[in-house]
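Going by this note's numbering, the letters in the sequence shown line up with residues 3 to 174, in that order. The C-beta atom is built at its ideal place from N, Cα and C for all residues, glycine as well. Working notes, structure below.
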Amino acid sequence: SYFLEMSPRSTVALVGIAISTSTMEVSNTEELLKRAIRLEPGISTAYLCLGMQNMKEKNFPLAEQNFKKALALANVPDYKILLAKLYLEMNKPGDALDLLKGEADKAPDNFHFNFLVAQALFKANRMNELGRYSQAALDAQPGNNDVRLLMANFYLSRDDAHKANLILKGLK
């Protein structure tokens with residue numbers, strides 16, 4: 003709040019304080035982010051943070067609205083990760099796939115894009131495509147247990163219990 007006292011119209015300070023207080027039990031995160039947006043309506047990070055706060059509070063429609071606004075203001079592919087996580091939380095795997103499949107195809111070494119696409123494919127029961135994206139995520143982060151579980155499910159869907167067991171061996 004020291005920075006806010008020095009410059010009460012600093013959107014950077016408002017967003018920074020909102021982020022730093024978001025984990026506190028009593029927080030004015032949402033108020034600070036809305037204030038930053040009033041001061042600078044084009045600040046995409048404030049909408050992104052507001053969407054994260056809405057998601058934390060399980061206000062999924064408002065979170066979706068704020069994530070979409072952030073994306074409209076700044077077409078940052080990484081912003082799509084949060085919106086895709088929201089879609090998966092809302093049990094909308096098709097929306098997550100529409101949002102991220104192209105990004106995963108363009109960035110086969112990006113763990114988050116490939117992992118979220120693999121999760122969406124699994125939720126949509128599209129097991130034929132699951133292997134490609136879960137393997138890409140596993141290549142990016144070989145020790146990730148969640149990806150290993152997805153890969154094991156892929157092999158089980160192919161009736162290959164031996165490969166599934168190999169993947170699961172040593173699971174932490």
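Express the C-alpha separation of N56 and F62 in angstroms, rounding to a whole number.
Your numbering for residue 62 matches position 60 in the sequence shown. Your numbering for residue 56 matches position 54 in the sequence shown. Cα-Cα distance, rounded: 7 Å.
How long is the line joining the alpha carbons of A106 and Y135, rounded to whole angstroms?
Start at 1 with the first residue of the sequence shown, and residue 106 comes out as number 104. Start at 1 with the first residue of the sequence shown, and residue 135 comes out as number 133. For A106 and Y135, the distance between alpha carbons rounds to 8 Å.
L85 by DSSP, collapsed to three states: which one?
Numbered from 1 along the sequence shown, position 83 holds the residue referred to as residue 85. Looking at L85 - three-state DSSP - the assignment turns out to be helix.
Where do the ends of the alpha helix (DSSP H) carrying A109 lie?
Numbered from 1 along the sequence shown, position 107 holds the residue referred to as residue 109. Premise fails: A109 is in no alpha helix (DSSP H) and is neither H nor E.
How is P144 classed by DSSP in three states: helix, strand or coil?
Numbered from its first residue, the sequence shown carries residue 144 at position 142. Coil, per DSSP.
Give a yes or no on whether the C-beta atoms belonging to D111 and A154 are separated by under 8 Å.
Numbered from its first residue, the sequence shown carries residue 111 at position 109. Numbered from its first residue, the sequence shown carries residue 154 at position 152. No. Outside cutoff.
On a Cα-Cα basis, can you pick out the residue from S46, N93, L99, N30 that is closest to V78?
The residue you call residue 78 lines up with position 76 of the sequence shown. If we check each option's Cα against that of V78, S46 comes out closest.
Please report how far the alpha carbon of D148 lies from the alpha carbon of A139, in whole angstroms.
Within the sequence shown, residue 148 is the residue found at index 146, counting from 1. Within the sequence shown, residue 139 is the residue found at index 137, counting from 1. Going from the Cα of D148 to the Cα of A139 covers about 10 Å.
Use the C-beta contact count for E66: other C-beta atoms within 10 angstroms, 16 or more gives buried, fewer gives exposed.
Position 64 of the sequence shown, counting from 1, holds the residue named residue 66. Result: buried.
Near F124, which residues of its chain fall below 7 Å by C-beta distance, leaving aside the five closest residues on each side in sequence?
In the sequence shown, counting from the first residue as 1, residue 124 sits at position 122. Closer than 7 Å at Cβ, skipping near neighbours: L132, L152, N155.
In or out: Y157 buried (at least 16 other Cβ within 10 Å) or exposed?
Reading the sequence shown from its first residue, position 155 is the one you call residue 157. Per the 10 Å Cβ criterion, buried.
For R37, count neighbouring Cβ atoms within 10 angstroms of its own Cβ and tell me buried if that reaches 16, exposed if not.
For the purposes of this step, residue 37 is taken as the residue at position 35 of the sequence shown. Answer is buried; the Cβ neighbour count reaches 16.
Can you round the beta-carbon distance between L73 and L85 to whole angstroms, since I take them to be within the 8 Å contact cut?
Start at 1 with the first residue of the sequence shown, and residue 73 comes out as number 71. Start at 1 with the first residue of the sequence shown, and residue 85 comes out as number 83. Yes, L73 and L85 are in contact; Cβ-Cβ is about 7 Å, under 8 Å.
Indicate whether L99 and A76 have their beta-carbon atoms separated by less than 8 Å.
For the purposes of this step, residue 99 is taken as the residue at position 97 of the sequence shown. For the purposes of this step, residue 76 is taken as the residue at position 74 of the sequence shown. The answer is no: Cβ separation not under 8 Å.
With DSSP as the reference, label G172 as helix, strand or coil.
One-based indexing of the sequence shown puts residue 172 at position 170. In this structure, G172 counts as coil in the three-state DSSP scheme.
Since L52 contacts N30 with CB under 8 Å, what's their CB separation in whole angstroms?
The sequence position of residue 52 within the sequence shown is 50, counting from 1. The sequence position of residue 30 within the sequence shown is 28, counting from 1. 13 Å between Cβ atoms; not a contact.
Buried or exposed for A163, please, with buried defined as at least 16 other CB atoms from any protein chain shown within 10 angstroms of its CB.
What you label residue 163 is simply residue 161 of the sequence shown in a count that begins at 1. The residue in question, A163, is exposed, as its Cβ has fewer than 16 Cβ neighbours within 10 Å.
Under a CB-based cut-off of 8 Å, is K94 close to chain D?
In the structure shown, chain D cannot be found, because there is only a single protein chain.
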